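To start, the structure itself, in structure tokens.
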Amino acid sequence: MPLADLPVDEEFMGLARHVFARDEIVADCVGYDEDVADDSFNTLRLHSRLYGSQKAADAQRDLAEHILRDLRTGLAHAGRPALVRFGNAFLPRPATAGVRRYGPDSRMPLIRRLAPLPALRRYSCAQAARTGRLTMVSVPTPRAETTAGPGGG
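For the sequence shown, the numbering used here gives the first residue as 42, with consecutive numbering after it.
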């Protein structure tokens, strides 16, 4: 069956969107200096341009908190299919010999299959928090950048 024929789980996609947005914000904070040196797009640089370097870090933190709040809310209200897919895609799965693997797993762990939905929601939130999915890294202090005009000057 082609992928185009598979139904899209909008609830899972909403949760995934928040994870990917959070990961982008984290990458932009961790790689800020490199992005400035490479003149690459970076959300902290964008906030610096929009709000000035003095307010950029606060704007970045506000954006991250908004994303994390939406993810927490989504996990707290998600249905079983979305939580199972979220767990398979983003949370560690049980592995043999003490090795943690984070890749997708088609097997549905027993707790996700049998737990009452409120317990599954709490478990998913706790696992996401334990693995750092619900936390943010520190935001570096952005430096003022000059805006080059037409022709680089």
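Heads up, the beta-carbon is just placed ideally off N, CA and C, and yes, glycines get one too. From a predicted model like this one, the values you see are computed outputs, not experimental measurements.
Using only CA atoms, which one of Ala-68, Leu-124, Val-178 lies nearest to Leu-56? Sequence index remark: in the sequence shown, residue 56 carries index 15 (1-based). Selected option, being the one with the closest Cα: Leu-124.
What are the start and end residues of the alpha helix (DSSP H) that includes Val-67? Walking along the sequence shown from the start, residue 67 turns up at place 26. 51 to 71 is the extent of the alpha helix (DSSP H) around Val-67.
Leu-116 beta carbon less than 8 Å from that of Cys-70: The residue labelled residue 70 in the question sits at position 29 within the sequence shown. The residue labelled residue 116 in the question sits at position 75 within the sequence shown. It is not a contact, given that the beta carbons lie outside the stated cut-off.
Any contact between the stretch 175 to 186 and the stretch 71 to 89? By contact I mean 3 or more CB pairs, one from each, below 8 Å. yes
Is Leu-109 near the ligand GTP, going by C-beta to nearest heavy atom under 7 Å? The ligand content of the structure shown is nil, which means the ligand GTP is not present either.
Close Cβ partners of Glu-104 (< 8 Å) along its chain, the five nearest in sequence each way excluded: Here residue 104 refers to the residue found at position 63 of the sequence shown. Here residue 104 turns out to be Leu, not Glu, going by the sequence shown. Excluding positions up to five away in sequence, the list reads Ile-66, Thr-84, His-88.
What is the DSSP secondary structure of Asp-80, reduced to helix, strand or coil? Taking the first residue of the sequence shown as position 1, residue 80 is located at position 39. Coil.
Straight-line gap, Pro-202 to Leu-91 (C-alpha atoms, nearest Å): Any answer about residue 202 is impossible in this case: the structure gives the chain only from 42 up to 194.
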